[in-house]
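Note sheet for the following structure.
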Amino acid sequence: MSSTRKRLVRAGVGGAVAIGTVALLAGTAFAQDEEEVVLTAGEEAAASVQAVLDNIWVLIAAVLVIFMQAGFALVEAGLTRAKSVSNIMAKNLMDFCVGVLAFAAVGFAFAFGPGGGFIGTEGWFLNSETFAEGWGNLSLPTFFLFQAAFAATAATIVSGAMAERTKFKSYFVYSFLITAFVYPIIVHWVWGGGWLSQLDTPYHDFAGSSVVHMVGGIAAAVGAAFLGPRIGKYTKDGKPRAIPGHSIPFAIIGVFILFVGWFGFNPGSELAADAAVPGIAVTTLLAGAAGGVVALLVVWLKEGKPDVAMAGNGVLAGLVGVTAGTAAVTNWGAVIIGSIAGILVVFAVFFFDRIKIDDPVGAVSVHGVCGAWGAIAVGLFAAEDSDFWKAGLFYGGGTSQLVSQIIGVLAIAAFTAVAMVIVFAALKATLGLRVSEEEEIEGLDVHEHGVPGYAPDIAMGESGGLASSKEMATT
Amino acid sequence: MSSTRKRLVRAGVGGAVAIGTVALLAGTAFAQDEEEVVLTAGEEAAASVQAVLDNIWVLIAAVLVIFMQAGFALVEAGLTRAKSVSNIMAKNLMDFCVGVLAFAAVGFAFAFGPGGGFIGTEGWFLNSETFAEGWGNLSLPTFFLFQAAFAATAATIVSGAMAERTKFKSYFVYSFLITAFVYPIIVHWVWGGGWLSQLDTPYHDFAGSSVVHMVGGIAAAVGAAFLGPRIGKYTKDGKPRAIPGHSIPFAIIGVFILFVGWFGFNPGSELAADAAVPGIAVTTLLAGAAGGVVALLVVWLKEGKPDVAMAGNGVLAGLVGVTAGTAAVTNWGAVIIGSIAGILVVFAVFFFDRIKIDDPVGAVSVHGVCGAWGAIAVGLFAAEDSDFWKAGLFYGGGTSQLVSQIIGVLAIAAFTAVAMVIVFAALKATLGLRVSEEEEIEGLDVHEHGVPGYAPDIAMGESGGLASSKEMATT
Amino acid sequence: MSSTRKRLVRAGVGGAVAIGTVALLAGTAFAQDEEEVVLTAGEEAAASVQAVLDNIWVLIAAVLVIFMQAGFALVEAGLTRAKSVSNIMAKNLMDFCVGVLAFAAVGFAFAFGPGGGFIGTEGWFLNSETFAEGWGNLSLPTFFLFQAAFAATAATIVSGAMAERTKFKSYFVYSFLITAFVYPIIVHWVWGGGWLSQLDTPYHDFAGSSVVHMVGGIAAAVGAAFLGPRIGKYTKDGKPRAIPGHSIPFAIIGVFILFVGWFGFNPGSELAADAAVPGIAVTTLLAGAAGGVVALLVVWLKEGKPDVAMAGNGVLAGLVGVTAGTAAVTNWGAVIIGSIAGILVVFAVFFFDRIKIDDPVGAVSVHGVCGAWGAIAVGLFAAEDSDFWKAGLFYGGGTSQLVSQIIGVLAIAAFTAVAMVIVFAALKATLGLRVSEEEEIEGLDVHEHGVPGYAPDIAMGESGGLASSKEMATT
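Chains as they are written, first to last, in this note's numbering: chain L, 3 to 477; chain D, 3 to 477; chain H, 3 to 477.
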């Protein structure tokens with residue numbers, strides 16, 4: 003996601019014009035291309051302000067992305083059972099903490115350090131000399147903050163798919179491995195100057211439909227496959243059973259928080275405060291809304307009821323879908339991409355249920371399937387002109403972009419799948435992946451963490467809480 | 003909410019002086035008034051940065067407003083019963099998604115498109131040629147994003163008042179109609195160059211006490227009246243019964259989120275990053291705080307207990323109340339407006355209960371009554387000088403502003419009431435508005451959506467969840 | 003937190019260089035030091051934009067800090083019992099509302115008004131003449147908004163420690179007293195030009211490890227000590243009993259929200275949009291993550307289970323710990339400070355349990371102990387050069403900073419303890435502090451507030467809700 007590189011890609015695809023050319027003159031990264039330009043003192047002063055603005059904006063965007071951790075935790079908690087809700091919370095809190103530290107220590111260097119086309123090989127522990135040049139106007143701390151938030155997002159997607167049956171210590175180690183090694187390598191390929199960014203028509207994934215979401219979704223699929231389905235998920239005849247989540251309000255509030263966070267995720271990926279940012283926010287908004295409406299209508303037609311959890315996943319599907327092309331597609335393109343994602347997610351959820359990948363929250367469908375769709379969609383819908391009506395819907399540059407997108411999706415999917423098979427196989431062979439049958443049936447909360455998610459007196463008005471307090475008062 | 007217009011109004015009323023005059027020179031919208039000015043290269047560069055800053059700030063404000071959707075969902079869920087909580091979530095998620103798409107398709111053009119004094123008649127589907135000039139420094143995507151967030155807010159206010167008894171498909175259609183037609187017409191009158199903005203002393207509603215909140219509140223009253231009260235709300239003698247909400251924590255966290263979102267709602271309505279923005283945030287803060295404290299004290303005196311749900315509604319009442327005058331009143335004015343809103347909301351809640359408008363969350367009182375109060379209050383408290391002590395409390399310009407405010411409130415209320423009667427009458431005659439008695443008693447969640455809000459094993463430590471898992475394990 | 007003063011301290015300690023020197027030229031506060039400089043029109047225009055940017059950024063940071071109120075409410079609700087959850091919500095909502103009004107009326111003047119070294123004596127009710135100069139580029143409304151959010155934070159820390167047994171009206175009065183008098187005096191000492199900022203080596207607490215958190219934590223300890231432990235907290239033999247919280251999801255979502263809010267709390271305390279801000283965000287991120295991981299590992303080793311509530315408190319401990327030095331320490335320093343805070347919090351929680359300070363949420367340990375640690379740590383870890391590798395880990399300037407830090411911590415702790423003893427003793431003697439035994443056993447919600455936190459039909463699928471609706475339908 004080097005800003006120079008991304009801007010060039012977008013210029014090639016969408017041709018957006020920045021209001022403030024001063025932004026292009028400000029950063030040292032651009033000095034070599036523009037060395038003849040002499041700025042007046044006033045222009046230099048304005049360029050300094052623009053540089054600060056770029057950093058402040060991306061910092062705020064990073065905070066919005068970090069807020070998505072709360073959204074993921076709520077969606078996952080809401081769509082799973084109460085008896086393992088402390089475990090869900092522990093996993094979500096720890097994959098963020100561990101992920102951030104692992105990414106700071108080595109992941110960031112693997113992703114953005116100088117090196118070959120495959121992996122960065124310098125810059126451990128945020129070495130400020132390695133990264134002295136920054137990224138456009140962004141300083142190392144700003145860029146790291148934003149990227150660390152992304153790394154933690156990729157990590158946490160997996161949590162829901164592996165819910166209700168995974169050993170906590172294995173998940174703890176997994177969090178470290180994906181943010182330290184697996185995710186950074188993919189980032190290096192696409193945003194760190196690696197081979198996918200060096201194709202003749204560079205692979206384009208603006209904000210990470212594939213780099214973040216598909217990586218998380220595939221890791222989730224591998225994890226769920228290694229674990230096997232939850233006890234009781236399938237009847238003796240092999241038919242899937244619905245295991246309803248314990249709190250729809252949690253799930254939908256989580257979706258709202260993720261929607262809010264996505265306005266950091268996508269517009270922040272511009273890595274600058276410029277005129278293109280608001281348009282990115284609008285394509286994000288429209289795709290998410292379209293995904294929600296379409297998924298609701300599809301499941302309503304298919305199953306006879308407007309399933310709200312599916313509508314929530316439809317919103318997320320639309321958002322994941324538009325993430326790769328958010329800066330390159332028209333508003334119409336965004337609505338179409340989101341709508342198709344809203345269809346895909348419904349059928350994908352039923353499909354994975356049928357092939358016995360037990361994914362309690364639909365993470366594989368939302369992030370894996372729609373992440374791949376989003377990256378492919380760039381090759382179909384990236385517009386010559388991002389204006390709403392003027393633009394042709396389909397990419398004018400022929401099929402070369404589409405070919406690059408297919409290459410990229412296949413390569414990322416293959417690498418992630420292989421890497422995660424190694425990770426989960428190693429964990430299974432050493433620490434073990436799955437809890438005991440007894441623990442799974444009784445819930446992970448008390449067994450793994452020593453605390454129930456909901457201590458008894460939640461049921462107000464029942465005698466439980468009252469009696470126990472009275473009892474306590476006299477013993 | 004055209005920035006030129008609003009700035010003039012505010013200049014006439016409050017006379018705030020912008021720190022950065024450069025902001026006024028930057029936008030093309032101002033070029034015609036200032037055509038003699040020749041800027042140096044440095045000034046032009048600074049104006050470009052200011053233009054970017056304006057867009058980024060309003061985008062961030064829009065994200066805060068979008069976050070309010072989560073706040074509304076939590077307040078409504080918390081103050082209603084668990085058996086219909088999935089339905090509340092579905093309504094809140096869908097009125098946002100449907101509302102955004104409807105507003106993009108036609109609502110925005112009705113609101114801000116060129117046209118007569120009544121309604122815009124051009125600019126469908128965000129036509130970028132129609133809106134090429136932007137709004138001050140704001141580009142079409144920025145302005146649309148902010149306005150779409152507002153439209154969705156107006157739509158979602160109604161959800162709580164119609165809770166626990168409305169057919170989902172009718173609510174779905176309602177969401178489309180209000181954001182596509184009803185709300186945009188009011189916006190056109192006030193912020194889109196329509197007749198209320200053309201009065202000799204233009205009607206002043208800075209951020210939408212009436213345009214957003216009163217419209218939502220009146221639509222809520224009409225909807226609740228058409229539906230009739232929930233089963234069991236009134237005794238055989240016709241006395242109202244309290245039906246307590248199922249989660250006070252949800253309700254109050256919702257209030258906090260709405261408070262946070264209001265810092266986008268009001269300060270963002272400045273539609274620019276300038277020196278007036280922080281003052282708007284402070285009047286917002288003080289009015290919300292005053293509303294909360296006063297409503298708590300009033301209900302404490304009146305009923306003998308400090309009812310926390312009423313305190314939460316008091317905070318919202320104060321915020322709604324100050325929204326129209328937030329940029330035109332002193333800090334003292336804000337405290338007084340918020341305090342009076344905190345009194346009004348308590349008595350209004352009891353009043354609507356008595357006249358058998360069953361509004362489970364108090365939306366009519368908070369948004370309808372206090373929205374009207376806020377718009378009127380502009381005519382009473384708008385200050386010559388917004389400094390805290392120096393300003394006279396009451397508007398110096400005589401009664402002309404007050405007359406305009408009364409005209410505006412009456413016109414908006416009348417139009418909204420008539421339009422919503424037509425909408426709900428049509429829905430009642432076709433799809434039907436109310437669910438069956440059986441469904442209402444058992445809860446809308448399972449009947450309408452096929453999922454309970456809280457699946458059984460939420461009651462940790464009870465045998466339910468455990469037994470069913472064991473049972474599942476063996477069948 | 004006067005920006006001039008803080009910048010000087012930081013310059014002396016860390017030596018960060020601002021990208022945009024224009025920022026230094028813009029504010030009137032700097033004019034006296036730079037009076038020979040003549041700016042071109044372009045530079046002046048850029049300085050105006052920078053001034054607006056400074057205000058907008060700090061306003062956004064203030065909104066993030068205000069959002070922390072929701073985080074505190076969720077953490078406290080989650081870690082206490084359901085039967086008093088409405089009371090927790092009422093306290094959190096009201097300490098914010100009351101706190102904001104009290105701080106606007108007198109607290110702000112005590113804190114930042116001109117006066118001696120002990121307390122400000124002018125500027126009541128946000129008198130704009132007293133504060134006409136602003137703070138660097140920040141105007142009175144911006145600076146007040148940020149500081150009011152801080153004052154409310156100090157107030158709300160106490161709520162959790164006094165949970166489940168405090169009379170609401172006494173808490174209401176306490177909220178007023180701490181934000182009107184106690185907290186502002188400490189602020190005056192450190193950020194308002196008072197005696198701790200006038201030491202030869204000025205006391206350094208960048209964002210309030212001691213000023214906000216330790217003050218809150220000590221007030222919490224005094225409050226909990228005055229109240230005595232909850233009924234049932236100790237066995238007849240005097241051994242502490244675990245009273246598990248009623249919702250771990252609430253607690254951990256609260257931690258996430260607090261983490262998000264801290265990106266306003268610490269980076270916003272720079273009081274300007276400049277190049278130092280992102281680095282502050284990164285030390286904040288790393289310390290919070292380290293605190294979470296270390297606390298989890300320590301409690302895992304100590305107690306045998308990875309207690310998620312303790313991990314959440316570990317995150318908060320790391321954040322509290324780094325808050326004083328966030329702008330002065332290296333990334334390594336932040337990781338070490340956070341890690342030590344993560345160890346301290348675990349042992350502190352067990353320690354206070356043992357000495358019969360019943361603090362249901364761990365507020366004394368998190369905010370009191372780790373707040374003190376954070377302030378001391380500035381004397382140990384403030385770096386000559388904030389680059390990651392280049393800097394020596396320990397402070398180069400000898401022991402003078404450490405001595406100042408110890409003086410400051412002791413003085414603040416002593417004053418707060420004495421002041422709060424007076425406050426709580428006075429409340430105990432007049433209104434009374436503790437509810438009746440009956441009320442405590444049955445829960446404060448119904449007795450104090452007249453509403454249960456969770457009305458009966460939360461237990462979906464059980465006959466309760468259904469029956470009562472049916473019953474209601476026929477009576």
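Backbone N, C-alpha and C fix where the C-beta goes; we use that ideal spot for every residue, glycine too.
Short of 6 angstroms from the beta carbon of proline 116 (chain D), and not among the five residues preceding or following it, lie these beta carbons of its own chain, in chain order: Glu124. Assigned with DSSP and collapsed to three states, leucine 273 (chain H) falls in coil, not helix or strand. Straight across, the Cα-Cα distance linking leucine 103 (chain H) with valine 317 (chain D) is about 13 angstroms.
In this structure, DSSP gives threonine 332 (chain L) a state outside helix and strand, which the three-state scheme calls coil. Legend: CB atoms of the region 276 to 299 of chain L lying less than 7 angstroms from CB atoms of chain D belong to residues Asp276, Ala277, Val279, Pro280, Gly281, Ala283, Val284, Leu287, Leu288, Ala291, Ala292, Gly294, Val295 and Leu298. With contact defined as three or more Cβ pairs closer than 8 angstroms, the region 275 to 288 of chain L and the region 47 to 55 of chain D are in contact. Only Asn57, Ile58, Leu61, Ile62, Val65, Ile68, Phe69, Gln71, Ala72, Ala75, Leu76 and Ala79 from the region 56 to 86 of chain H bring a Cβ to less than 7 angstroms from some Cβ of chain D. The region 78 to 93 of chain D and the region 434 to 454 of chain D touch, with three or more beta-carbon pairs separated by less than 8 angstroms. In chain order, Pro246 make up the part of chain D whose C-beta sits under 7 angstroms from the C-beta of proline 454 (chain H).
At a cut-off of 8 angstroms between beta carbons, phenylalanine 258 (chain D) makes no contact with chain L.
Using beta-carbon distances, glycine 44 (chain L) counts as an interface residue toward chain H, with a partner under 8 angstroms.
For secondary structure counted as the beta strand (DSSP E) over 3 or more consecutive residues, the region 120 to 196 of chain L holds no complete run.
Taking a contact as a CB-CB distance under 8 angstroms, the pair alanine 150 (chain L) and phenylalanine 105 (chain L) counts as one, their CB atoms being some 5 angstroms apart. Only residues of its own chain outside the window of five on either side were considered, and among them Trp191, Val192, Tyr205 and Gly410 have a CB closer than 6 angstroms to the CB of leucine 198 (chain D), listed in chain order. For glutamate 450 (chain H), there is no enclosing alpha helix (DSSP H), as DSSP marks it with neither H nor E. By the rule that beta-carbons nearer than 8 angstroms mark a contact, phenylalanine 352 (chain H) does not touch chain L. Taking C-beta atoms as the reference points, leucine 433 (chain L) and valine 160 (chain L) fail to come closer than 8 angstroms. Membership of phenylalanine 383 (chain H) in the alpha helix (DSSP H) is indicated by the continuous run 372 to 383.
Valine 295 (chain D) sits away from valine 60 (chain H), with the two beta carbons spaced by 8 angstroms or more.
The Cβ atoms of threonine 144 (chain L) and proline 362 (chain L) lie no closer than 8 angstroms to each other. In terms of Cβ geometry, threonine 286 (chain D) and leucine 260 (chain D) do not form a close pair [threshold 8 angstroms]. Shown here for methionine 422 (chain D): same chain residues with a beta carbon closer than 6 angstroms to its own, the five before and five after excluded, namely Ala221 and Val224 in chain order.
Taking every protein chain shown into account, the CB of threonine 132 (chain L) has 16 or more other CB atoms within 10 angstroms, so this residue is buried. In this chain, the alpha helix (DSSP H) harbouring alanine 289 (chain L) covers 279 to 305.
It is roughly 36 angstroms from the alpha-carbon of aspartate 202 (chain H) to the alpha-carbon of phenylalanine 353 (chain H). Just measuring C-alpha positions, the residue of D:Gly327, D:Gly230 and D:Thr418 sitting nearest glycine 218 (chain D) is D:Thr418. By the CB criterion at 8 angstroms, alanine 413 (chain L) and glycine 44 (chain H) fall outside the cutoff. The distance from the Cβ of valine 301 (chain H) to that of valine 348 (chain H) is about 5 angstroms, consistent with a contact at the 8 angstroms cut-off.
The contact set of aspartate 309 (chain L) on chain D, defined by CB atoms closer than 7 angstroms, consists of His451, Gly452 and Val453 in chain order. The count of Cβ pairs closer than 8 angstroms, one atom from the region 108 to 122 of chain D and one from the region 333 to 347 of chain L, stays below three, leaving the stretches out of contact. Secondary structure of arginine 83 (chain L) (DSSP, three-state): coil.
For proline 246 (chain L), DSSP assigns no beta-bridge partner whatsoever. Around alanine 106 (chain L), the beta-carbon contacts reaching into chain H at under 9 angstroms are Val284, Leu287, Leu288, Ala291, Asn333 and Val337. Leaving aside the five residues that flank lysine 171 (chain H) on each side, the residues in its chain whose CB is nearer than 6 angstroms to its CB run, in chain order, Leu433.
Residues of the region 143 to 166 of chain D that bring their beta carbon within less than 8 angstroms of a beta carbon in chain L comprise Pro143, Thr144, Phe146, Leu147 and Ala150, in sequence order.
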